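Protein chains: 2
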Amino acid sequence: MTQQRSEETRAKILSAAEKLFAHEGYDATGVAEICAEAGVSKGAFYHHFDSKQSVFLTLLEQWLERLDAEMERIRAGSMDGTQALVDMAAVTGGVFSDARGRLPIFLEFWTKAIHDPQVWQTVPEQFARYQRFISDLLRQGMEQSGLGEADTDSAARLVLALAIGMLVQGLVNPQETDWGKAIQDGILVLLRGLEEKSSE
Amino acid sequence: MTQQRSEETRAKILSAAEKLFAHEGYDATGVAEICAEAGVSKGAFYHHFDSKQSVFLTLLEQWLERLDAEMERIRAGSMDGTQALVDMAAVTGGVFSDARGRLPIFLEFWTKAIHDPQVWQTVPEQFARYQRFISDLLRQGMEQSGLGEADTDSAARLVLALAIGMLVQGLVNPQETDWGKAIQDGILVLLRGLEEKSSE
């Protein structure tokens, strides 16, 4: 098996598993089904992954890494932290285009996480990372926004809440509105409200 | 069986099921386990419920009804819609005190909902109801806030996003901050930002 072919096989397995987890659910999907859907042998599967669970965790990691890379790209391209937040909000609109397919895997993850202390302990750290990331951006844009140091942590919680809450609503009612724009408008409203507060 | 004793049995079953669904998961919990935990016979169980699923749906309904009643109570006690929102935010703080126990049942529900079109179709309607409720409150408080009619729907999405996003963060990191206060402060920031917008 060449290196390239091996990479292709791995990608096929991940793609097939993502599809099956989304449509059939994690528990209802076995290694045999993943192999059939991907058109690979069990031998090829176990060459790349120890178990169905390791495929699942790899999918999750990939998704989070892509999100991180996108966020870093925007931060690097922006001098102003608050403008970067608005730019980022625009990107999250893209999440909705394929989120309906990914939501199930996240729900599966959360359901498992809550019953498995080892998985659960990774969740708060994930959230704390996004909070720190947003705090840093707000701090960068502090001079422009007039936001005080002490307020950045609670402002970051607010911005993260907005993003999470819009994502959830967008997943539930994707056609209702342009959710990417709704996040962006919402962040502008929040920033305006925060500036008002600090200038009181 | 007296009426009172029958009510007690039903309550015992619901309470036992809630505990087991939360700790063991829905799939891992059987009617036999629920009966053992509740200290009731299978006969008594099937006198009250058709199946494990109907216990599950009853628990969900109860929780939503309690939430509705609490929200109506606050709306009735407040002349000003925006003030009612702030009061409501304070109440949601109480959600965190026992939410850690209820989160699993909601995740189970969502995971099931997403694989079951019949259950899934109830979810958008639930969200739409909360949006309408918030829109109504904002419209009530419109004169005070100076918020335009056209903005109330997007403002309602924003307020709901904030509540959902804070709840999710609060469930993940309950000790991090006073989440009830964070929702309340956040709603004030939002209202300030929305007023600014409409006075531009």
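First to last, the protein sequences are chains A and B. Quick note: the first sequence uses the working numbering, first residue 1, plus one each step. Quick note: the second sequence uses the working numbering, first residue 201, plus one each step. The beta carbon of each residue, even a glycine, is placed where N, CA and C say it ideally should be. Because the structure is a prediction, the values reported are computed rather than measured.
Taking buried to mean at least 16 other C-beta atoms within 10 Å of its own C-beta, is residue i buried or exposed?
i, result
"E395(B)", "buried"
"A11(A)", "exposed"
"Q253(B)", "exposed"
"E218(B)", "buried"
"D50(A)", "exposed"
"T2(A)", "exposed"
"A28(A)", "exposed"
"R171(B)", "Past the boundaries of the shown model lies residue 171(B); chain B is included only from 201 to 400, so the question cannot be answered."
"S41(A)", "exposed"
"L264(B)", "exposed"
"G230(B)", "exposed"
"D185(A)", "buried"
"G170(A)", "buried"
"S135(A)", "buried"
"G380(B)", "buried"
"Q131(A)", "buried"
"A69(A)", "exposed"
With DSSP collapsed to three states, give me the class of residue i.
i, result
"D280(B)", "coil"
"F249(B)", "coil"
"S241(B)", "coil"
"P174(A)", "coil"
"Q217(B)", "In the sequence under discussion, the amino acid at residue 217(B) is Ala, which differs from the Gln named in the question. In this structure, A217(B) counts as helix in the three-state DSSP scheme."
"A236(B)", "helix"
"Y226(B)", "coil"
"T9(A)", "helix"
"T2(A)", "coil"
What is the C-beta distance between residue i and residue j, in whole angstroms, given that I count them as a contact (C-beta under 8 Å)?
i, j, result
"L362(B)", "G193(A)", "That belief does not hold up - the Cβ atoms of L362(B) and G193(A) are roughly 11 Å apart, past 8 Å."
"L388(B)", "V286(B)", "7 Å"
"R275(B)", "L337(B)", "7 Å"
"R357(B)", "A182(A)", "6 Å"
"C35(A)", "F21(A)", "C35(A) to F21(A), Cβ: 14 Å. No contact."
"L14(A)", "L390(B)", "That belief does not hold up - the Cβ atoms of L14(A) and L390(B) are roughly 40 Å apart, past 8 Å."
"N373(B)", "P174(A)", "Going by Cβ atoms, the distance from N373(B) to P174(A) rounds to 28 Å, so no, they are not a contact pair."
"Q340(B)", "G277(B)", "The Cβ separation is near 13 Å, so there is no contact."
"A38(A)", "A16(A)", "4 Å"
"M71(A)", "F133(A)", "7 Å"
Beta-carbon of residue i versus every beta-carbon of chain D: anything under 7 Å?
i, result
"A361(B)", "Checking the listed chains, one finds no chain D in this structure; the protein chains it contains are A and B."
Residues of the region 29-52 of chain A whose Cβ lies closer than 7 Å to any Cβ of chain B, in chain order: The region 29-52 of chain A vs chain B, Cβ under 7 Å: nothing.
At a CB distance below 9 Å, what residues from the region 381-393 of chain B approach chain A? Give them in sequence order. Those would be A382, I383, D385, G386, L388, V389, L390, L391, R392, G393, in chain order.
Could you run through the region 164-178 of chain A and flag, in chain order, every residue whose CB is less than 9 Å away from some CB of chain B? If the cut-off is 9 Å between Cβ atoms, the region 164-178 of chain A has I164, G165, M166, L167, V168, Q169, V172, N173, E176, T177 near chain B.
Contact set between the region 59-79 of chain A and chain B, restricted to residues whose Cβ is under 8 Å from the partner: So nothing in the stretch comes that close.
Residues, ordered as in the chain, of the region 2-20 of chain A that lie near chain B by beta-carbon distance below 9 Å: Those would be none; no residue qualifies.
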